[in-house]
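K.L.:
Structure provided below as structure tokens; questions to follow.
Quick look at the structure:
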């Protein structure tokens, strides 16, 4: 057992922190939130040049041959910086499933371009009324018609769909949970996008497929048997969101402790009052619990060990723990933390979005119950 | 990072489990809540010693096995999982032996460590006093030099494991003029010393949980001074870091956890969303606590005393134990109120015991409030109040 990073990971972490401190100011985040695309193409290419996009992909596609655990370290830093970018969509939701189950042709076609920062991917999974992240909730259908499949229906909360080059569309191809993933051209005129306005200012889209024909060759993985890949992607995405949140709440803890040391009332720093100290102690405990449970899950994923329970524990814990951290951070910061000029809201807003993504605490609590045999 | 265990560690865990299961099968004892601090079983302690499982991390020259702190955590985790009666050796193994190793003279090490390792020396603690709880530095029990001896007068209280302890690790004032943190010394006192008397105190479960320990001109030879004279406060803080470090803070009432989950399954309660959610939430909290405690063991493995890290894990874990007891009582409904000797009592009365006993979990070895102070000031660098 070992809870420390390797020298390489420490270096990656430091490089990422320095780079993002330089490139991802709060002013930049604000601009991105207000922009139509939600990201900067220039920064995206710099991230590609740093080898970040390809980090966890094999060298033969131009990737860095590193592990999911290394990717976790990077995601933590992106969460710490509140980085607006299509990284998560392209790598975690799009690229890794292509690597998992894509045909050689599909991998050759997509992965090198993804890694060079020339292609954005995302996953179209959730739908109106979809809460449970299970196969039976998928209603968007792809019906066979001669050589093609015709995709119809609405996907919701699809991140970065409006800027994506390709979508992984999860569709029903057979009654009784026959699920297939289609890797489709996102620019097809039969797809309509509406960017929703969200708490985090990230770009979650409504995606409407209007009788869009796609060839059989666009099937990613196996016909009717796509759900296991979707499941794996959801689990990986849940851990990825945990990693981002660990970075987020670690930073919030640091900001809050700093503020408690500086802010004076009654002629002394408010951090010298036990009421404030105990709040900070509670925050630190929540952050460390989040860190260890998240990295446990990331390590197990990285090692290829079965870890449904550990992932559920991490996401369930961090969902509630992060909300406690934000609540206390705002309480300690006082009114200044409630203003739009202060930085705290960036973390609170993004933390809420991460909590809701890929299963909230209640959802994973039930997964834990199942794993306990209840 | 590596959250796994080595093959040797997995083998060791299995060996401990097999040993404990065999003990239970032979009917030597039953899994019991709080058995680590209330299960006095000299024969069990002897058998554990025979396996080489006391003083696991200590140097070989004093009878130890130079094992890792992770090994010791695996061992104690399994002892607690099975609710094994380990109270005779727990304090000596967990903290007093370590204190002697860190601060004691060569003579003291040779006299006590091999006997603790053999399961032949049981220790109690003499820290708190009626007027010195969280503010331990205000303690008033005094030791005055008299030739080769110190003469101790005063009263210690909340002494766990005291009625069968053969020795007490006692903190007393040896310099009344010095600033209060700098006039305290640590002694090992033979419980049979003339002038030392014990009066049991009954806790709200009806169990003899502690003793008042009175010192009336108790004479202790100078060789039983641990470490430097007047450096005792520094030493007790160090020892408390270890006292708070372990899995017993999370798993003291673990037999109840297993039993209430089984109870919910057997009685088809686990399909009820409210109960299901409560048990799953407990499992989540338990697993997080376990990681916080493994982190503490890794700090020790680096050769550092765990400080704010064990304050964090202990404060967190006792809240879990209280939560577990409350949930168990809620699930049992009106049956939860039945005492262990009552007709119809479920789970041998473990829930009721745990519900009442857990009120003390967040008080012993440093209240949650003191632990949060430590975490805030020493862990986060906030200014002392």
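Chains as they are written, first to last, in our numbering: chain A, 42 to 415; chain B, 3 to 387.
Note that the Cβ used here is the ideal one computed from N, Cα and C, for glycine as well.
1. Using a Cβ-Cβ distance under 8 Å, would residue 249(B) count as near chain A?
2. Got a sec, what are the start and stop residues for the alpha helix (DSSP H) residue 148(B) sits in?
3. For residue 250(A), count neighbouring C-beta atoms within 10 Å of its own C-beta (all shown protein chains included) and say buried if the count is 16 or more, exposed if not.
4. Name, in chain order, the residues that DSSP records as bridge partners for residue 203(B).
5. Quick check: residue 135(A) and residue 163(A), are their CB atoms within less than 8 Å of each other?
6. For the beta strand (DSSP E) that contains residue 252(A), what are its first and last residues?
7. Using the three-state DSSP reduction, which class does residue 310(A) fall into: helix, strand or coil?
8. Tell me which residues of the region 104 to 120 of chain A have at least one Cβ-Cβ distance to chain B shorter than 8 Å, keeping chain order.
9. Examine chain B for any beta-carbon lying closer than 8 Å to the beta-carbon of residue 45(A), and answer yes or no.
10. Which residue or residues does DSSP assign as beta-bridge partners of residue 233(A)?
11. Near residue 322(B), which residues of its chain fall below 7 Å by C-beta distance, leaving aside the five closest residues on each side in sequence?
12. Please give me, in chain order, every unbroken run of the beta strand (DSSP E) with length at least 3 that falls completely inside the region 130 to 188 of chain A.
13. Measuring only from the beta carbon, is residue 202(A) closer than 7 Å to any heavy atom that is part of the ligand GTP?
14. Can you find a CB in chain A that lies within less than 8 Å of the CB of residue 46(B)?
15. Excluding sequence positions up to five away, which residues of its chain have a Cβ less than 7 Å from the Cβ of residue 111(A)?
16. Along the chain, where does the beta strand (DSSP E) that runs through residue 221(A) open and close?
17. Could you tell me the alpha carbon to alpha carbon distance between residue 289(A) and residue 124(A), rounded to whole angstroms?
18. With C-beta atoms as the reference, is residue 409(A) less than 8 Å away from residue 353(A)?
19. Around the C-beta of residue 342(B), are 16 or more other C-beta atoms found within 10 angstroms, so that it is buried, or is it exposed?
20. Can you pull the DSSP bridge partners for residue 320(B)?
21. How is residue 171(B) classed by DSSP in three states: helix, strand or coil?
22. Please determine, among 254(B), 314(B), 366(B) and 277(B), the residue with the shortest C-alpha to C-alpha distance to residue 33(B).
23. Is it the case that the Cβ atoms of residue 36(A) and residue 210(A) are separated by a distance below 8 Å?
24. Quick one: what does DSSP say residue 343(B) is sitting in, helix, strand or coil?
25. Return no unless some Cβ of chain B is closer than 8 Å to the Cβ of residue 174(A).
26. Measuring alpha carbon to alpha carbon, tell me which residue in 294(A), 106(A), 61(A) and 258(A) is nearest residue 384(B).
27. Just to confirm the assignment, what range does the alpha helix (DSSP H) spanning residue 279(B) have?
28. At a CB distance below 8 Å, what residues from the region 311 to 330 of chain A approach chain B? Give them in sequence order.
29. I need the straight-line Cα distance from residue 258(B) to residue 250(B), nearest angstrom please.
30. Using only alpha-carbon positions, find the residue among 378(B), 170(B), 204(B) and 218(B) that is nearest to residue 321(A).
31. May I ask you to report which of helix, strand or coil DSSP gives residue 91(B)?
32. Using 8 Å as the cut-off, can you tell me whether the region 91 to 106 of chain B makes contact with the region 115 to 127 of chain B, which would need three or more C-beta pairs spanning the two stretches below that distance?
33. Do the region 136 to 144 of chain B and the region 78 to 98 of chain B meet, that is, are 3 or more Cβ pairs less than 8 Å apart?
34. Could you check the C-alpha separation between residue 188(B) and residue 318(A) for me, to the nearest Å?
35. Can you find a CB in chain B that lies within less than 8 Å of the CB of residue 370(A)?
36. So, is the C-beta of residue 298(A) closer than 8 Å to a C-beta in chain B?
P.N.:
By the coordinates alone:
1. no
2. Run containing residue 148(B): none in the alpha helix (DSSP H); it sits in the beta strand (DSSP E), 144 to 148.
3. buried
4. 212(B)
5. yes
6. 245 to 256
7. strand
8. 110
9. yes
10. 249(A)
11. 252, 287, 288 and 291
12. 162 to 165 and 182 to 186
13. No copy of the ligand GTP occurs in the structure displayed, which carries no ligand at all.
14. no
15. 50, 53, 96 and 97
16. 219 to 226
17. 10 Å
18. yes
19. exposed
20. For residue 320(B), which the question treats as bridged, DSSP gives no partner whatsoever.
21. strand
22. 254(B)
23. Residue 36(A) falls outside the range modelled here, since chain A spans only 42 to 415, and no answer is possible.
24. coil
25. no
26. 294(A)
27. 275 to 303
28. 312, 313, 314, 315, 317, 318, 319, 321, 322, 323, 325, 326, 329 and 330
29. 14 Å
30. 378(B)
31. helix
32. yes
33. no
34. 31 Å
35. no
36. yes
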